[in-house]
Each structure stands twice: as C-alpha cells, then as structure tokens.
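Counted from 1, the sequence shown has number 965 at position 74 by the numbering used here; the numbering is strictly sequential. Here's the structure, in structure tokens; my notes come after.
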Amino acid sequence: MNVGKNFTLGEYVIIKKPELLTAGDNVRIADFCRISAACSIGSDCEIAPGTYISGGDGKYTFSMGDYSSLASGVRIWLSSNDYVNELVTHSVPLVKEIQGNVTMDKYTGIGTNSVIMPNNHIPEGVSIGALSFVPSNYKFEPWTVYAGRPIKPIKKRNKENILQTLKNLGRI
C-alpha cells in the first residue's frame, strides 16, 4: 500500500491485494469495506462503511479523483457476468465477462447502496443518488446529478458554489 498523510483505515477493512492500492492525503476508508481490485484514490476522499470494490483481478483499476466519496454500501464492479449472452458463472472456462475500469473524476460522489458496473467514466462534478444502478458504458455529462433504476439525469450541480467553497478553504 502506498498512502499519503492522514490516511485512516478502519479496523475491520479487508484489502485483498494491498500492493495494488494507492491513496493520496486525507483519505478515510471506514470499517467493513472490502477491496479486492486495483485502486487509485486521490486526496481528500472518503469510502464509507460497507463499500465493496471488486473484480478485474488487477487488470482493471478503480480510480477516484480528489474530493470524491463513496457512501455506505456502494458496490463498484470491474468485472461481472454478462447475464444476457453468457452462462452466469465464473467457474466455466471461456465464459466472457463484462470488464473494464471505473473512473471517478474530481468532485464526484456516489450515494448509498448504488451499484456501478464495469467500464464507466464518471466525469468531474457528477453526483449519483442513493440506490442507483449504473450499467456499463453509461454516458454522463459533467456537473450533473443522476439517480434511479435505470439511472437518468435529474438536474445540474452548482459548480460555482462547490468550487468557491474549496477556494474559501484555500484548497484550490
């Protein structure tokens, strides 16, 4: 594990491959999280209790930009069965899976118990509401709030206010 200053790791966190995790300054990973994928976490980020980041066997990476967060119970998948075209199992050779990186840019957040499927890029300023499902290859617009099952845009975020708050704190 390669981590910055003020890194806080909950007592009951499982990191299956710590050599595949990097984190910036002021990062908190709360109790009951399980990370079994390659992760690159920016600075000033939080991963709340009960979050899972899984799949990809080190071939794919979950990246989290500065000032971003995952609420309790979020599931990030870098690999998943294809429930339409393939057998639904990991134990049979030649079964193809849906795979890919999941990238969150700066100032992003994912709400409680949301599921993010493989191969997604969540651009700067996007917020995803609680209990949302993000299918693979979803096309987001920056600085927008999304929610639902299926996920859909709800409204624009107040970019100016968010960035002004960071300026007032001397963070940008």
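Yeah, the Cβ is synthetic: ideal placement off N, Cα and C, and Gly gets one too.
Helix, strand or coil at residue 1003 [DSSP, three-state] = Here the question's residue 1003 lines up with position 112 in the sequence shown. The DSSP-derived three-state label of residue 1003 is coil.
Under a Cβ-count criterion, where at least 16 other Cβ atoms within 10 Å of its own Cβ denotes burial, should residue 955 be classed as buried or exposed?
-> Your numbering for residue 955 matches position 64 in the sequence shown. That one is buried.
What are the boundary residues of the alpha helix (DSSP H) that includes residue 1058?
-> Translated into positions along the sequence shown, residue 1058 becomes position 167. 1050–1059 is the span of the alpha helix (DSSP H), which, as asked, contains residue 1058.
Go ahead and pull the three-state DSSP assignment for residue 937.
-> Taking the sequence shown and counting its residues from 1, one reaches residue 937 at position 46. DSSP places residue 937 in strand when its eight states are reduced to three.
3-residue-minimum beta strand (DSSP E) runs that sit fully inside the stretch 945–1002, ordered along the chain = Here the runs fully enclosed are 952–955, 966–968, 970–972, 988–990 and 993–995.
Which residue or residues does DSSP assign as beta-bridge partners of residue 943?
-> Stepping through the sequence shown from its first residue, residue 943 is reached at position 52. DSSP output for residue 943 lists 925 and 966 as bridge partner(s).
If you pair each beta-carbon of the stretch 919–930 with each one of the stretch 941–950, do three or more pairs fall below 8 Å?
-> Per the Cβ contact rule, the stretch 919–930 is in contact with the stretch 941–950 (3 or more Cβ pairs under 8 Å).
Using the beta-carbon count (16 or more within 10 Å), is residue 984 buried or exposed?
-> Within the sequence shown, numbered from 1, the residue matching residue 984 stands at position 93. Counting the other CB atoms within 10 Å of its CB gives residue 984 a total below 16, which places it among the exposed residues.
For residue 937, which residues from the same chain have a beta carbon less than 7 Å from its beta carbon, with the 5 sequence-adjacent residues on both sides left out?
-> Translated into the one-based positions of the sequence shown, residue 937 becomes position 46. Same-chain partners within the cutoff: 919 and 960.
Any idea if residue 1025 is buried or exposed, counting beta-carbon neighbours within 10 angstroms, 16 or more meaning buried?
-> In the sequence shown, residue 1025 corresponds to position 134, counting from 1. Here residue 1025 is buried, its C-beta having at least 16 other C-beta atoms within 10 Å.
Is residue 912 near residue 905, with beta carbons less than 8 Å apart?
-> As a working mapping, residue 912 is identified with position 21 in the sequence shown. As a working mapping, residue 905 is identified with position 14 in the sequence shown. The answer is no: Cβ separation not under 8 Å.
Spatial distance of residue 1002 from residue 966 (CA atoms) = For the purposes of this step, residue 1002 is identified with residue 111 of the sequence shown, where counting begins at 1. For the purposes of this step, residue 966 is identified with residue 75 of the sequence shown, where counting begins at 1. The alpha-carbon atoms of residue 1002 and residue 966 are separated by roughly 10 Å.
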